[in-house]
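Worksheet: the structure to be examined is printed underneath.
In the working numbering, the protein residues as written are 16 to 83.
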């Protein structure tokens, strides 16, 4: 495995870990009771960020597979 491939794998692993950390940051009580509009907007932005990085990770893995 070249240094570039190893770096790419480490980067993708870091992105995946970061997404999982974001998913786990919402406290349990926030998930179990009704939330206000502002909290719902914040959670939606968090989920959009997670989705963005998961899509970026997917395409990076796809490019890695295609070009190797």
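For glycine and all other residues, C-beta sits at the position ideal for the given N, C-alpha and C.
Euclidean distance between Cα positions of residue i and residue j
| i | j | result |
| --- | --- | --- |
| residue 66 | residue 73 | 10 Å |
| residue 30 | residue 62 | 14 Å |
| residue 71 | residue 50 | 30 Å |
| residue 33 | residue 82 | 26 Å |
| residue 79 | residue 26 | 12 Å |
| residue 56 | residue 68 | 19 Å |
| residue 91 | residue 64 | Nothing can be reported for residue 91: it is not among the residues displayed for the chain, which extend from 16 to 83. |
| residue 60 | residue 52 | 12 Å |
Any chain B beta carbon closer than 8 Å to residue i
| i | result |
| --- | --- |
| residue 74 | Absent from the structure: chain B. Only one protein chain is present. |
Residue span of the alpha helix (DSSP H) that contains residue i, given as start and end
| i | result |
| --- | --- |
| residue 70 | 52-82 |
The ligand NAD heavy atom lying under 7 Å from the CB of residue i
| i | result |
| --- | --- |
| residue 72 | The ligand NAD is not part of the structure shown, which contains no ligands of any sort. |
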